[in-house]
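Here the protein sequences come in this chain order: F and U.
Heads up: the first sequence begins at 1 in the numbering used here, then just goes up one per residue.
Heads up: the second sequence begins at 1001 in the numbering used here, then just goes up one per residue.
Using N, Cα and C, we set each Cβ at its ideal position, and we do this for glycine too.
Notes follow once the structure below has been shown.
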Amino acid sequence: MKPIYLDNAATTPLDEEVLDEMMRFFKQDYGNASSIHRLGQRAREAVEKAREIIAGFLNCSPSEIVFTGSATESDNLAILGVRKGHIITTNIEHPAVFNACSHLEKMGFEVDFCPVSKLGIVEVEEIKKKIKENTVLVSVMYANNEIGAIQPILELGEFLKDKDIYFHTDAVQAVNFLDCDVKKLNVDLMTLSAHKIYGPKGIGALYVKQGVELNPVLFGGPQEKGLRPGTENVPLIVGFGKAIELIEKHKKNIPFIKKLRDKLIDSILIQIPNSELNGSKEQRLPNNVNVSFKGAEGEAIVIALDQKGIACSTGSACSSGSLEPSHVLSALGNKGHGSLRLTLGRNNTEKEIDKVLEILPEVIKDLRKVSGHS
Amino acid sequence: MKYYSKKVLNHFLKPKHLGKIKNPDGTGSTQNLKCGDVMKIYIKVEKDKIKDIKFETLGCAHAIASSDLICDLALGKTIAQAKKIKFKQVLKELGDMPPQKIHCTSLAEYALKEAIKDYENKSAHLV
């Protein structure tokens, strides 16, 4: 039986069209994009075409796109590459930003981690209050990966645009659904990933606005203007470009995904007593559901659902190597012991959602029996 | 290493010793404050032997499987034998598990020990 895949915030399946586009660069046109023979030049052409597609999507110049090995690398480059000074971020960032900032803090930099509201959204005023004379960077994610909370990037960009402070946003979870026009948003740095948008794993990008001064984190050859040395991963870059190109085509499905999300949220909260939604219902990605259940632990729910053919995630402490509960749920004041994340994608059907709504209440009931909460 | 063995899955999906015992002779309760898991073990003792044992656990699959398995190990044992049950036996029976899950098995050992302690305290009063 085909699994019901509800873990699209973790990764998305590779689109067939993306795979087809990439194959040529694995098989025939395998040249190094820096080589001057025709094989190399064909690879170069393909890399630059992908760069143009992504630049078009972000409304920037192709020269402002830097390809990296992952969104983690892009985030690290944005955080660690900026000149020394005070940094402001939030306490719900992805570990790629959060831990890079913590590292700088340990190295003696000043870092402020802004708290968020109970709904998981940072207040613009909170950020404003933290600005200091030596602030060099503000990094706030566009939408949170665990609870889908959409952050006020437009307002922050508007506020920061005239200041001598760089504004970075990790837009990895937002790309499928939200407007990523960097000019409209007034961002200086934006992180993107291919594998969250039906592209391949192992490729990311960082938008670096013209004039932004950034130091590399890796050192080597002159690729990507020296900001990310290493031979360009041509097939993956081509796949990334194609995945971005396909986003527009799929935007018409967003209302349907949102409808399925609301059906999931509303039905779960009605059908399952002692369940609660984590994060804002309104300022939320159209594909994200994150709920907590009293008397049922998150990882146990995930494993039980997996046995019934449903693939999803949890922010539970038990699933992390450190036994620490999710920092995002902790930031909302929730211990996260029973949290379940269901993230929808292009391929989900209403029938699948009905099936989940049939199975999930049973799973919770069973686990509550085990915990003595029934 | 697999995230969970077949044995963990079996004990998690079909626990044999799930539930409460009415008027237990001993109850042991323990919580891991870090991960939030809560385990409760109930025992019924007859002629110094564990005649019945049940558990209730709020926790992950490994915690539930460990609770069920320690009940398996303790059932029918004398109190002296049951006291000697170590988490390493639970671990061995359940098979490989990731390092962060090993504490689930020691949580089970602790809950059993607490239940036995509770039984001994109660019976000491009776004497």
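Got a sec? Which residues, its chain only, sit under 7 Å from residue i by beta carbon, not counting five neighbours each side?
| i | result |
| --- | --- |
| residue 232 of chain F | 33, 47, 67 and 223 |
| residue 100 of chain F | 75, 76, 79 and 80 |
| residue 1051 of chain U | 1044 and 1045 |
| residue 314 of chain F | 298, 299, 301, 302, 339, 340 and 341 |
| residue 135 of chain F | 85, 86, 88 and 165 |
| residue 50 of chain F | 237, 238, 240 and 241 |
Do you know offhand how far residue i's Cα is from residue j's?
| i | j | result |
| --- | --- | --- |
| residue 1037 of chain U | residue 1057 of chain U | 7 Å |
| residue 948 of chain U | residue 296 of chain F | Nothing can be reported for residue 948 of chain U, as the shown portion of chain U is limited to 1001 through 1127. |
| residue 18 of chain F | residue 1065 of chain U | 42 Å |
| residue 8 of chain F | residue 332 of chain F | 23 Å |
| residue 353 of chain F | residue 270 of chain F | 15 Å |
| residue 342 of chain F | residue 6 of chain F | 5 Å |
| residue 1025 of chain U | residue 169 of chain F | 59 Å |
| residue 30 of chain F | residue 1003 of chain U | 37 Å |
| residue 1011 of chain U | residue 1061 of chain U | 8 Å |
| residue 257 of chain F | residue 235 of chain F | 30 Å |
| residue 1022 of chain U | residue 191 of chain F | 58 Å |
| residue 159 of chain F | residue 356 of chain F | 43 Å |
| residue 309 of chain F | residue 1032 of chain U | 30 Å |
| residue 252 of chain F | residue 1097 of chain U | 44 Å |
| residue 1039 of chain U | residue 274 of chain F | 20 Å |
| residue 204 of chain F | residue 73 of chain F | 8 Å |
| residue 152 of chain F | residue 125 of chain F | 11 Å |
| residue 218 of chain F | residue 206 of chain F | 14 Å |
| residue 255 of chain F | residue 216 of chain F | 40 Å |
| residue 293 of chain F | residue 41 of chain F | 56 Å |
Is it true that the CB of residue j sits closer than 8 Å to the CB of residue i?
| i | j | result |
| --- | --- | --- |
| residue 25 of chain F | residue 238 of chain F | yes |
| residue 291 of chain F | residue 268 of chain F | yes |
| residue 279 of chain F | residue 147 of chain F | yes |
| residue 1094 of chain U | residue 1030 of chain U | no |
| residue 140 of chain F | residue 156 of chain F | yes |
| residue 82 of chain F | residue 214 of chain F | yes |
| residue 1074 of chain U | residue 1104 of chain U | no |
| residue 94 of chain F | residue 176 of chain F | no |
| residue 1109 of chain U | residue 1086 of chain U | yes |
| residue 1020 of chain U | residue 1068 of chain U | no |
The beta strand (DSSP E) with residue i in it runs from where to where?
| i | result |
| --- | --- |
| residue 284 of chain F | That residue, residue 284 of chain F, is in no beta strand (DSSP E); it is neither H nor E in DSSP. |
| residue 1057 of chain U | 1049-1058 |
| residue 67 of chain F | 65-68 |
| residue 341 of chain F | 339-343 |
| residue 349 of chain F | Per DSSP, residue 349 of chain F belongs to no beta strand (DSSP E) and is neither H nor E. |
| residue 264 of chain F | Taken as a continuous stretch (DSSP letters only), residue 264 of chain F belongs to no beta strand (DSSP E), being part of the alpha helix (DSSP H) at 254-271. |
| residue 277 of chain F | 275-277 |
Per DSSP, what kind of secondary structure is residue i in: helix, strand or coil?
| i | result |
| --- | --- |
| residue 1029 of chain U | strand |
| residue 168 of chain F | strand |
| residue 1004 of chain U | coil |
| residue 109 of chain F | coil |
| residue 204 of chain F | strand |
| residue 1105 of chain U | helix |
| residue 176 of chain F | coil |
| residue 72 of chain F | helix |
| residue 33 of chain F | coil |
| residue 387 of chain F | The shown model of chain F, from 1 to 374, leaves out residue 387 of chain F, and the question about it has no answer. |
| residue 293 of chain F | strand |
| residue 354 of chain F | helix |
| residue 5 of chain F | strand |
Need the endpoints of the alpha helix (DSSP H) that residue i sits in, please.
| i | result |
| --- | --- |
| residue 46 of chain F | 38-58 |
| residue 23 of chain F | 16-27 |
| residue 1090 of chain U | 1087-1094 |
| residue 327 of chain F | 327-331 |
| residue 1067 of chain U | 1061-1074 |
| residue 86 of chain F | Segment 86-90 is the beta strand (DSSP E) holding residue 86 of chain F; no alpha helix (DSSP H) there. |
| residue 191 of chain F | No alpha helix (DSSP H) contains residue 191 of chain F, which is instead part of the beta strand (DSSP E) from 189-193. |
| residue 1041 of chain U | It is not in any alpha helix (DSSP H) - residue 1041 of chain U instead sits in the beta strand (DSSP E) that spans 1038-1046. |
| residue 214 of chain F | No alpha helix (DSSP H) holds residue 214 of chain F; DSSP gives it neither H nor E. |
| residue 305 of chain F | 298-307 |
| residue 155 of chain F | 153-160 |
| residue 127 of chain F | 124-130 |
Could you pull out every residue in the same chain whose Cβ sits closer than 6 Å to the Cβ of residue i, ignoring the five residues on either side in sequence?
| i | result |
| --- | --- |
| residue 228 of chain F | 66 and 68 |
| residue 143 of chain F | 150, 173, 174 and 285 |
| residue 1041 of chain U | 1028, 1055, 1111, 1112 and 1115 |
| residue 57 of chain F | 244 |
| residue 1059 of chain U | 1037 |
| residue 62 of chain F | 51, 52 and 55 |
For residue i, collect the residues of the same chain with a Cβ closer than 8 Å to its Cβ; drop the 5 residues on either side in sequence, then sort them by chain order.
| i | result |
| --- | --- |
| residue 209 of chain F | 60, 64, 182, 187, 188 and 189 |
| residue 1049 of chain U | 1076, 1077, 1078 and 1079 |
| residue 1117 of chain U | 1026 and 1028 |
| residue 11 of chain F | 195, 196 and 201 |
| residue 1091 of chain U | 1097, 1102 and 1105 |
| residue 374 of chain F | 295, 365 and 368 |
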